[in-house]
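J.: Chains as they are written, first to last, in the working numbering: chain A, 302 to 348; chain B, 398 to 909; chain C, 966 to 1154.
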Amino acid sequence: PLQKEHQIQFQMMEAAYYHLPTPSDSERLKSYLQRQPVQTPPHYPQQ
Amino acid sequence: IEDPPGFAERVEYLLKDWITIFHTPSNSKDMIKAFGGFVNKMNVYGILKGDEPLTRFFRHATQCCIDLTYRNMNDPSWKTKIFQWIDAYVRLIALLVKHSGEGGSTSTKLNLLNKVLGIVVGILMHDQEVHGTAFQQMGYHRIFIMLFLELSAHDPVLENISLSVITAFCHTYHILRPSLAPGFCYSWLELISHRVFIGRILASIPQQKGWSMYSQLLIHLFKYLAPFLRNAELAKPVQHLYKGTLRVLLVLLHDFPEFLCDYHFGFCDVIPPNCIQMRNLILSAYPRNMRLPDPFTPNLKVDMLTDIGGSPRIFTNYAAAITPSSFKKDLDSYLKARSPVTFLSELRSNLQISNEPGSRYNIPLMNALVLYVGTQAIAHIRSKNLGPTMATIVHSAHMDIFQNLAVDLDNEGRYLFLNAIANQLRYPNSHTHYFSCAILYLFVEANSEAIQEQITRVLLERLIVNRPHPWGLLITFIELIKNPAYKFWDHDFVHCAPEIEKLFESVANSCM
Amino acid sequence: MVNNQFGMVGLLTFIRAAESDPNLVTLAMGQDLTALGLNLTSIENLYPSFGGPFADSPARPQDIDYNVPPEYLINVSIREKLSKVTLQKYKDDLLFYLFYTNVGDLMQIAAAAELHSRDWRYHTEEKVWITRVPGMTPYEKNGTTERGTYYYFDAQNWRRVPKEFQVDTVKFDKCPNPSAYVAAMSGQS
Chain A
302 PLQKEHQIQF QMMEAAYYHL PTPSDSERLK SYLQRQPVQT PPHYPQQ
Chain B
398 IEDPPGFAER VEYLLKDWIT IFHTPSNSKD MIKAFGGFVN KMNVYGILKG DEPLTRFFRH
458 ATQCCIDLTY RNMNDPSWKT KIFQWIDAYV RLIALLVKHS GEGGSTSTKL NLLNKVLGIV
518 VGILMHDQEV HGTAFQQMGY HRIFIMLFLE LSAHDPVLEN ISLSVITAFC HTYHILRPSL
578 APGFCYSWLE LISHRVFIGR ILASIPQQKG WSMYSQLLIH LFKYLAPFLR NAELAKPVQH
638 LYKGTLRVLL VLLHDFPEFL CDYHFGFCDV IPPNCIQMRN LILSAYPRNM RLPDPFTPNL
698 KVDMLTDIGG SPRIFTNYAA AITPSSFKKD LDSYLKARSP VTFLSELRSN LQISNEPGSR
758 YNIPLMNALV LYVGTQAIAH IRSKNLGPTM ATIVHSAHMD IFQNLAVDLD NEGRYLFLNA
818 IANQLRYPNS HTHYFSCAIL YLFVEANSEA IQEQITRVLL ERLIVNRPHP WGLLITFIEL
878 IKNPAYKFWD HDFVHCAPEI EKLFESVANS CM
Chain C
966 MVNNQFGMVG LLTFIRAAES DPNLVTLAMG QDLTALGLNL TSIENLYPSF GGPFADSPAR
1026 PQDIDYNVPP EYLINVSIRE KLSKVTLQKY KDDLLFYLFY TNVGDLMQIA AAAELHSRDW
1086 RYHTEEKVWI TRVPGMTPYE KNGTTERGTY YYFDAQNWRR VPKEFQVDTV KFDKCPNPSA
1146 YVAAMSGQS
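#1: Taking 7 Å as the threshold (C-beta atoms), are B/Pro-761 and B/Asp-666 in contact?
#2: Using the beta-carbon count (16 or more within 10 Å), is B/Thr-459 buried or exposed?
#3: Output yes if chain C places a C-beta closer than 7 Å to the C-beta of A/Glu-306; else output no.
#4: According to the neighbour-count rule (16 or more other Cβ atoms, all chains shown, within 10 Å of its Cβ), is C/Cys-1140 buried or exposed?
#5: Please compile the residues from chain C whose C-beta is within a distance smaller than 8 Å of the C-beta of B/Asp-887.
#6: For C/Ile-975, which of helix, strand or coil comes out of DSSP?
#7: Taking 8 Å as the cut-off, does the stretch 442-452 of chain B touch the stretch 460-477 of chain B (at least 3 CB pairs, one atom from each stretch)?
#8: What would DSSP say about B/Glu-858, mapped onto helix, strand or coil?
#9: Please state the DSSP three-state secondary structure of C/Trp-1085.
#10: Just the chain A side, please: which residues come within less than 9 Å of C/Ala-1024 by C-beta, in chain order?
#11: Could you tell me the alpha carbon to alpha carbon distance between B/Thr-694 and B/Gly-755, rounded to whole angstroms?
#12: Under 7 Å Cβ-Cβ, which residues of chain A neighbour B/Glu-587?
#13: How about A/Tyr-345: is its C-beta nearer than 7 Å to some C-beta of chain B?
#14: Compile a chain-ordered list of the residues in the stretch 997-1024 of chain C whose CB is closer than 8 Å to at least one CB of chain A.
#15: Rounded to whole angstroms, what's the CA-CA distance from B/Leu-870 to B/His-496? Just pull it up for me.
#16: Would you mind telling me which residues of chain C sit closer than 7 Å to B/Asp-659, beta carbon to beta carbon, in chain order?
#17: Any idea if C/Asn-1107 is buried or exposed, counting beta-carbon neighbours within 10 angstroms, 16 or more meaning buried?
#18: Could you check whether the Cβ of B/Asp-652 sits closer than 7 Å to any Cβ belonging to chain C?
#19: Which residue from B/His-538, B/Leu-586 and B/Gly-596 puts its Cα closest to that of B/Ile-563?
#20: Give the C-beta separation of B/Tyr-812 and C/Phe-971 to the nearest angstrom, bearing in mind that I take them to be a contact with Cβ-Cβ under 8 Å.
#21: Run the CB neighbour count on B/Gly-529, radius 10 Å, all protein chains shown included, and call it buried at 16 or more, exposed below.
#22: Chain A beta carbons: is any one of them nearer than 7 Å to that of C/Thr-1102?
#23: Does C/Gly-972 get closer than 7 Å to chain B when you measure Cβ to Cβ?
#24: Per DSSP, C/Gly-1113 is paired with what?
#25: Secondary structure at C/Asp-1070, three-state DSSP: helix, strand or coil?
#26: Name the residue from B/Ser-845, B/Tyr-831, B/Ser-827 and B/Thr-789 whose alpha carbon lies nearest to the alpha carbon of B/Leu-806.
#27: Using 7 Å as the limit for Cβ to Cβ distance, is A/Gln-335 near chain B?
#28: Kindly examine the ligand NAD and report whether one of its heavy atoms sits closer than 6 Å to the Cβ of C/Ile-1008.
#29: Beta-carbon within less than 8 Å of C/Thr-978's beta-carbon, same chain only, minus the 5 sequence neighbours each way: which residues are those?
#30: DSSP beta-bridge partners for C/Glu-1105?
#31: For B/Trp-482, count neighbouring Cβ atoms within 10 angstroms of its own Cβ and tell me buried if that reaches 16, exposed if not.
#32: Which of helix, strand or coil does DSSP assign to A/Pro-342?
#33: Starting from B/Thr-829, follow its DSSP beta bridges and name the residues at the other end.
#34: Give the single residue among B/Leu-521, B/Lys-633 and B/Tyr-769 whose Cα lies nearest to the Cα of B/Ala-718.
#35: Quick one, are the C-beta atoms of B/Leu-544 and B/Leu-555 less than 7 Å apart?
#36: Within this structure, are the beta carbons of B/Glu-850 and C/Val-974 separated by less than 7 Å?
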């Protein structure tokens, strides 16, 4: 059986398990600077 | 002491001002100029007038970032906004660290970095207490990883303080170890295993100066996992962290096997005995410049291998783990002169710490004792210009101790004792050689079948798990089942169930 | 035999339990470590592209910050002096790259125009580039509908793939005119 201290740790870990970090949380945001911004046709890829 | 009136508002204004500056495209080309202007503004607001206002500034600014995270946690689109806010704040910290103090002097920079890290840690620990299971790790995760990436950029000023930066972050992650910040444990594993962090601490820092710090972080992780891994069934949150740990160990096994070789002893001290595959993974590491002969090679002459005489590096002070000092003194005295004879009969009581089944023994002491006696034995054999063989390891004080432990301990104690020996069956080196001979000698000289059964159990349970399997384990088991001197197949426990018999035969067939 | 969990019977009990309850497998039998998304046979080190302990696959190139040599970075003071890009010189592969990565930028239009001039056509509904296979048997025509084998550009796997299509040529994008876009933008500004 888990000791009291480990039960508390488990509760905290279990709570954290439901909002896990995603790999992108550790990546820089890719800021993309257009060189010559234009309004491209909507059917072209926009991102 | 309370903040001066209006201080928090001033901090929030400055923070928002900086974030606007940071995200203005025209500034992105020449951030240093923009930063210089902002520092002047900080000065005008009295932030840089001394240690205290600066500390208050970082505490409030960090708290602003964290509050923003909590306010917008559930809106996924807000994640980018939160990160834009935090990344700007982190850039400010990094620029302040990099440009503080005179160009060459590093202490000002590092004091500032440690101050900021300490403030973030303090807020995190307090937040974890306040929010409990509603604690959110994301904001802190972002601050730590982005600050580390900023301070790991290729830059002459930062290169000059890279070891101190890594040390500061290791110290931070040591304070935030999972047993103290369990709500942060998943982020913590992400942070210590981030590719840039691993690259810096294990590869870039010269003379492997980061290895010891990193081994401490992994030991924190194993210690945290241990109570949850003792049960056969893993709860989902535990399984997730365990699986993440396996991935990290696989990367280390593949890229830094020497690191696992050097620190295996400390790791195996804290990994629960039933965590067989994870332990095998660590014990399977071998130096990259070594070629392992196929264990199934017919008539493999282990004592003829070039590497078999090498002494493996062990960066754990296992001798110091043999306590109390009176016990160590008696041990050394017995090893030297086989006296006091009472030493053997008192061995078990020194190793037993409770009568609670499943935790009767001091495992680290058992592991240290076995390794210490074994290394003393190897040195003793070497002093006669011999190497460990079935002939040279017998009739010695060292083997007295091992045989006494095999006979005198109960099933649990003997299982742990044999595990301590099996943990030394790794790649070709003098420890593997000695302990392989030792466990086989204990098998052939056993005065009860229970000893032989438990030796078989300890070896077999390490072989039936998925790969990898340590080389030393394989050659020992192959010798046991192939060499008729051990009469292995005559024992009832070999035929106690069809599955067991099939397992032995499959290993035996692989050998043939 | 040893009649507790420290002998062969103890192990056998565990093996049998693990067969019936897969949840027990994690520790007893371990797991297939080659199935954790790491290329363990890689000659290269794994850590530079390690996606993290909870990622099932390595980090993709676009996730990783490579330290680009400073001469690759275009300093604001010289960006106008750079020689113009001549798309005609580039292979289709690079034109597709410029099209898909320069979203919202004149470059996307210019790359589309060059692809169009090489008989690629952008399908405005399927949002995919397709072109006829040179020398392929005549295409069945029925008014504005055509049927036959075309190449399409698979941007996920970044390759040209032959495929049977029935297309309504009305849905093909007209050839974009980059200068018109510049005029429109300067008009607006």
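Built from N, CA and C at the ideal position, the CB exists for glycine as well.
Source: prediction; values computed, not measured.
T.: Based on what the coordinates show:
#1: Residue 666 of chain B sits at position 269 when you count from the first residue of the second sequence. Residue 761 of chain B sits at position 364 when you count from the first residue of the second sequence. Closer than 7 Å, so yes.
#2: Position 62 of the second sequence, counted from the first residue, corresponds to residue 459 of chain B. With 16 or more other Cβ atoms within 10 Å, it is buried.
#3: Walking along the first sequence from the start, residue 306 of chain A turns up at place 5. No - not a single Cβ of chain C is within 7 Å of the one on A/Glu-306.
#4: Within the third sequence, numbered from 1, the residue matching residue 1140 of chain C stands at position 175. By the neighbour-count rule (16 or more Cβ atoms within 10 Å), C/Cys-1140 is not buried but exposed.
#5: For the purposes of this step, residue 887 of chain B is identified with residue 490 of the second sequence, where counting begins at 1. Those within 8 Å of B/Asp-887 in chain C number zero; the least Cβ separation is about 14 Å.
#6: Locating residue 975 of chain C in the third sequence gives position 10, counting from the first residue. Reading off the sequence shown, one finds Gly at residue 975 of chain C, where the question assumed Ile. Reduced to three states, the DSSP call for C/Gly-975 is helix.
#7: no
#8: On the second sequence, residue 858 of chain B is found 461 positions in, with the first residue counted as 1. Note: B/Glu-858 maps to helix in three-state DSSP.
#9: The residue you call residue 1085 of chain C lines up with position 120 of the third sequence. In this structure, C/Trp-1085 counts as coil in the three-state DSSP scheme.
#10: If you number the third sequence from 1, residue 1024 of chain C lands on position 59. Simply Pro-324 and Glu-328.
#11: Indexing the second sequence from 1 puts residue 694 of chain B at position 297. Indexing the second sequence from 1 puts residue 755 of chain B at position 358. In a straight line, the C-alpha of B/Thr-694 is about 39 Å away from that of B/Gly-755.
#12: The count along the second sequence starts at 1 and reaches residue 587 of chain B at position 190. Those within 7 Å of B/Glu-587 in chain A are Pro-322 and Ser-327.
#13: As a first step, residue 345 of chain A is located in the first sequence; it is residue number 44 there, counting from the start. Chain B contact via Cβ: absent.
#14: Gly-1016, Gly-1017, Phe-1019, Ala-1020 and Ala-1024
#15: Within the second sequence, residue 870 of chain B is the residue found at index 473, counting from 1. Within the second sequence, residue 496 of chain B is the residue found at index 99, counting from 1. About 54 Å.
#16: As a position in the second sequence, residue 659 of chain B is number 262, starting the count at 1. Ordered by position in chain C, no residue passes the 7 Å Cβ test against B/Asp-659, which lies about 17 Å from the chain.
#17: One-based indexing of the third sequence puts residue 1107 of chain C at position 142. Exposed, because fewer than 16 other Cβ atoms sit within 10 Å of the Cβ of C/Asn-1107.
#18: Here residue 652 of chain B is taken as the residue at index 255 of the second sequence, counted from 1. Yes - at least one Cβ of chain C is within 7 Å of the one on B/Asp-652.
#19: The count along the second sequence starts at 1 and reaches residue 563 of chain B at position 166. The shortest Cα separation from B/Ile-563 among B/His-538, B/Leu-586 and B/Gly-596 belongs to B/Gly-596.
#20: To locate residue 812 of chain B, count along the second sequence from 1; it is residue 415. To locate residue 971 of chain C, count along the third sequence from 1; it is residue 6. Correct: roughly 4 Å between the Cβ atoms.
#21: Here residue 529 of chain B refers to the residue found at position 132 when the second sequence is read from its first residue. With fewer than 16 other Cβ atoms within 10 Å, it is exposed.
#22: Within the third sequence, residue 1102 of chain C is the residue found at index 137, counting from 1. Not an interface residue.
#23: Residue mapping note: residue 972 of chain C aligns to position 7 of the third sequence, counting from 1. Yes, contact with chain B.
#24: Translated into positions along the third sequence, residue 1113 of chain C becomes position 148. The partner list for C/Gly-1113 (beta bridge, DSSP) reads C/Phe-1130.
#25: Position 105 of the third sequence, counted from the start, is the residue given in the question as residue 1070 of chain C. The answer is strand: DSSP assigns C/Asp-1070 an E or B state.
#26: Position 409 of the second sequence, counting from 1, holds the residue named residue 806 of chain B. Here the closest residue by C-alpha is B/Ser-845.
#27: In the first sequence, counting from the first residue as 1, residue 335 of chain A sits at position 34. No, A/Gln-335 lies away from the interface with chain B (no Cβ there is under 7 Å from its Cβ).
#28: The model on display carries no ligand, and the ligand NAD is accordingly not part of it.
#29: The count along the third sequence starts at 1 and reaches residue 978 of chain C at position 13. Cβ within range, chain order: Gln-970.
#30: Numbered from its first residue, the third sequence carries residue 1105 of chain C at position 140. Its beta-bridge partners are C/Arg-1112.
#31: Counting from one through the second sequence, the residue named residue 482 of chain B turns up at place 85. B/Trp-482 is buried by the Cβ-count criterion.
#32: For this step, residue 342 of chain A is matched to residue 41 along the first sequence. Reduced to three states, the DSSP call for A/Pro-342 is coil.
#33: Residue mapping note: residue 829 of chain B aligns to position 432 of the second sequence, counting from 1. DSSP, once it has assigned bridges, lists no residue as partnering B/Thr-829.
#34: Here residue 718 of chain B refers to the residue found at position 321 when the second sequence is read from its first residue. The candidate whose alpha carbon is nearest that of B/Ala-718 is B/Tyr-769.
#35: Along the second sequence, read from residue 1 onward, the residue named residue 544 of chain B stands at position 147. Along the second sequence, read from residue 1 onward, the residue named residue 555 of chain B stands at position 158. No. Outside cutoff.
#36: The count along the second sequence starts at 1 and reaches residue 850 of chain B at position 453. The count along the third sequence starts at 1 and reaches residue 974 of chain C at position 9. Result no, Cβ atoms of B/Glu-850 and C/Val-974 do not sit closer than 7 Å.
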